[in-house]
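> The structure under discussion is supplied below as structure tokens; questions concerning it will follow.
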Amino acid sequence: MTDNVFYEDIVNEVKKDFVARQEMRRPYELTWQLNMNFLMGNQYCNVNGRGEIEQDEKYFFWQEREAYNHIAPIIETRIAKLDKVRPKIIVLPFSDSSDDANATEISQKILSSVEQNENLSKKISQATTWSETCGSVFYKITWDKTKGQKIGETEGQTIFEGDVDISVCPPFEIYPDSNVSAGIDDCQSIIHAKAYSVQEVKNKWGVDVTGGDVQIFALDGAISLGGLGYSSSAPNVISQTKKDTVVVIEKYIRANKDFPDGRLVIVAGDKLLFDGPLPYINRENGERGFPFIRQVSQNVAGCFWGMSIIDRLIPIQRSYNAVKNRKHEFLNRISMGVLTVEDGSVDVDNLQEEGLSPGKVLIYRQGSEPPKVMDSGSVPIEFTYEEERLINEFMVISGTSELSRNSATPTNVTSGVALRLLIEQDDSRLASTADEIRFAIKELAQNVLRLYKQFAFMPRIARVVGKNNKIDVFSFSANDVVSDQVVIDTQNENDDTTAQRRSMMFELLSKGVLYDKEGKLDEKTKGQILALSGFANWQTDASLSDLHRKRAIEENITIQSHEQNALDIDDHKIHVDEHIRFALGDEGRHIKKEHFDRVIKHIACHRQKMEAQS
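In terms of the numbering used here, the sequence shown opens at residue 8 and continues consecutively.
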């Protein structure tokens, strides 16, 4: 078998697998399209028996068919609350030694630098919008060789140091091997299919491919809404054709007996772009895995795909639209009237065009009955009752109360405690979704550190905004990424507002909890209070304390090689605390006795100077 035939078999196998997965995922895809349509206001569509999204047409010209979109503000409220979920990632050191502590600090700065360079907060918001709409979204963390600083040229090609690339993948691009897998790690293979222009494929993989027409999802504002005498339109999510484009299929296969390092096959059109092992060591114990992280809105037991709250709201939205439209049709009959006319008594054509306008002279045949307006009665009170019940169902199903959705206090609630309970109830309904975001960000941080550990061979310079909004420049390489274990150090961000932190701090200060034995507030505590209260830029004294603390930490290292003298400009209390912390810590217990004696002698020197100054 020749290489060309072998490559052709691989391409055909991948494309055949892709088509099979498309059919297997089709029901979920229709649900996502329906959710997007209802969110955008196109709420007169459904899935027909052929597996397509079709529009519902009017039965009569006078029929009211307006969309009273309550789904959009509910989703906007949920996204606004979930956008506050930005957990603080803490990198765990292997031990409390100074070397591990310094390496951990570098890893922490690396994550902060990536967060700023990749505009990660915006991408998380984008991903949350997708997960709230469709139920699922995916982050893709890869290493881009064309990013970073330029380091040279070879054979006319520019060489860059490379950097991490984080992208958001909508669920339409992901095809698992099974829809009943519990998550990414339970899949044996995953396909990522995305439409690229021919030029993009040439620039990224260096291969010329033949483009064609590819179906993509787009918005089309051609759906007609409205009622008697007026019209409106709503965006429609439909499939459109994109020219000169090709679908690039990336098939990731987990490590197995035949492929110990896993396998990645990339196909575009009829060309094989890549076939090799999984490129990224992004799992624990140095294992290779998929570069994807899943984030869902609501977990579904035994299903790979998450569920959106829109799935539950669609039946209520349809009922609400029906009630409102029937109510308006009733009002139209009452306000415009329905005429009864004896056959041949009047000019019916003129009456249909002009109606019974004020001041109109109506001529009817002598001896016949004049036209009369039928008594249409009044709007049944059941319409109002049903409308109110559906509004309450919106709030119950979505987990957003009138307070959070309308920014208005409920009419029957006046107690501050009751309002606080309503806010906590809203937050508790979002707790599981917020946890999914936190878990995804935690896994994302681990993957970022593991990629730097794998690819950042040469020393590189990075920047991060430090304290007081100052730029902190630091250098690192793969050897500095010692630990990739991270934890989330956060409370519920929806409850942890700046105003609440300030109130808590003032209460602790008033009760004397933060003062020392002498009734004073030390500089370190003062700086932490200002930072937690949102006044980090005010802590100029605290920044001086940080300098003393850093110098003391450096002395802990240099004192092991030679004696260190305490300077008159030292803040002796801060130095004594840091040196004692070092002596009692894990590293202090494992240093030589002569080095330990130097530390004790140095502490005594600081105490002597502190007593002399006092």
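Quick reminder that beta carbons are idealized off the backbone N, C-alpha and C, glycines included.
Near Lys-449, what residues of its chain come up, given a Cβ to Cβ distance below 8 Å and the 5 sequence neighbours on each side ignored?
Pro-94, Ile-96, Val-493, Val-494 and Ile-495
> Would you call Pro-322 buried or exposed, if buried means 16 or more other Cβ atoms sit within 10 Å of its Cβ?
Burial call: exposed.
> With respect to the beta strand (DSSP E) encompassing Leu-285, which residues constitute its N-terminal and C-terminal limits?
Note, Leu-285: premise wrong, no beta strand (DSSP E); not H, not E.
> Tyr-75 and Asn-328 - do their beta-carbons sit closer together than 8 Å?
In this structure, Tyr-75 lies closer than 8 Å to Asn-328 by Cβ.
> Going by other Cβ atoms of all chains shown within 10 Å of its Cβ, with 16 needed for buried, is Lys-557 buried or exposed?
Exposed.
> To the nearest angstrom, report how far apart Gly-313 and Phe-145 are at their CA atoms.
11 Å
> So, for Arg-445: in the same chain, excluding its five sequence neighbours on each side, which residues have a beta-carbon less than 8 Å away from its beta-carbon?
Val-92, Pro-94, Ile-495 and Thr-497
> Could you compute how far the alpha carbon of Val-208 sits from the alpha carbon of Glu-30?
26 Å
> Exposed or buried, which one is Arg-270 when buried takes at least 16 other CB atoms within 10 Å?
buried
> Exposed or buried, which one is Gln-453 when buried takes at least 16 other CB atoms within 10 Å?
buried
> Can you find at least 3 beta carbon pairs, one from the segment 553 to 568 and one from the segment 576 to 589, that sit closer than 8 Å?
yes
> What does DSSP give as the partner residue(s) for Val-92 in the beta ladder?
According to DSSP, Val-92 bridges with nothing at all.
> Nearest CA to the CA of Lys-7: which residue from His-569, Thr-407 and His-582?
Residue coverage of the chain in this structure runs from 8 to 621, which leaves residue 7 outside it and unanswerable.
> Any idea what DSSP makes of His-582, helix, strand or coil?
helix
> Between the Cα of Glu-139 and the Cα atoms of Arg-261, Lys-88 and Val-26, which residue gives the shortest distance?
Lys-88
> In this structure, how does DSSP classify Gly-219 when only helix, strand and coil are distinguished?
strand
> From the DSSP output, which residues share a beta bridge with Ile-173?
Ile-148
> Excluding the 5 residues flanking Arg-622 on each side, which residues of the same chain have their C-beta closer than 8 Å to its C-beta?
In the structure displayed, the chain extends from 8 to 621; residue 622 sits before or after that span and is not available.
> Between the C-alpha atoms of Ser-352 and Glu-73, what's the straight-line distance to the nearest angstrom?
Taking the straight line joining both Cα atoms gives about 37 Å.
> Closer than 6 Å by C-beta to Val-274: which residues in its own chain qualify, once you throw out the five before and the five after it? Chain order, please.
Exclusion of the five residues before and after Val-274 leaves Val-18, Val-21 and Ile-256 as the residues of its chain whose Cβ lies within less than 6 Å of its Cβ.
> On the three-state DSSP scale, how would you describe Leu-369?
coil
> Take His-254 as the anchor and find which of Ser-204, Asn-124 and Pro-286 has the nearest alpha-carbon.
The question names His, yet the displayed sequence has Val at residue 254. Minimum Cα distance to Val-254 is reached at Ser-204.
> Measuring alpha carbon to alpha carbon, tell me which of Val-606, Asp-170 and Gly-276 ends up nearest Ser-214.
The residue you asked about is not Ser; residue 214 is Val in the sequence shown. If we check each option's Cα against that of Val-214, Gly-276 comes out closest.
> Distance check for Gly-218 and Phe-401, CA to CA, integer angstroms please.
In this structure, the straight-line span from the alpha carbon of Phe-401 to that of Gly-218 is close to 46 Å.
> In chain order, what residues of the same chain lie with their CB nearer than 6 Å to the CB of Thr-153, ignoring the 5 residues before and after it?
Hits under 6 Å: Phe-167.
> Quick one: residues in its chain with C-beta nearer than 7 Å to the C-beta of Gln-615, no 5 flanking neighbours on either side, listed in chain order?
none
> With a 10 Å radius around its C-beta and 16 neighbouring C-beta atoms as the bar for buried, classify Gln-40 as buried or exposed.
buried
> Does the beta-carbon of Pro-466 have 16 or more other beta-carbons within 10 angstroms, so that it is buried, or is it exposed?
Label assigned to Pro-466: exposed.
> So, at 6 Å on beta carbons, what are the nonlocal neighbours of Glu-626 in its own chain, with the 5 sequence-adjacent residues on each side left out?
Outside the modelled stretch of the chain, which goes from 8 to 621, sits residue 626, for which no answer is possible.
> Taking just the CA atoms, how far does Asp-584 sit from Thr-547?
The pLDDT assigned to Thr-547 is 46, lower than 50, so where the model puts this residue is not dependable, and the model offers no usable value.
> Assuming Phe-266 is part of the alpha helix (DSSP H), what are its boundary residues?
Note, Phe-266: premise wrong, no alpha helix (DSSP H); not H, not E.
> Within 10 angstroms of the Cβ of Asn-486, are there 16 or more other Cβ atoms? Answer buried if so, exposed if not.
exposed
> Quick one: complete beta strand (DSSP E) runs, 3+ long, within the segment 59 to 84?
60 to 62
> To the nearest angstrom, report how far apart Asn-357 and Glu-389 are at their CA atoms.
Answer to the nearest angstrom: the Cα atoms are 37 Å apart.
> In three-state terms, what does DSSP make of Glu-160?
Annotated three-state conformation of Glu-160 is strand, per DSSP.
> Could you tell me the alpha carbon to alpha carbon distance between Asp-7 and Leu-285, rounded to whole angstroms?
With the chain covering only 8 through 621, there is no way to say anything about residue 7.
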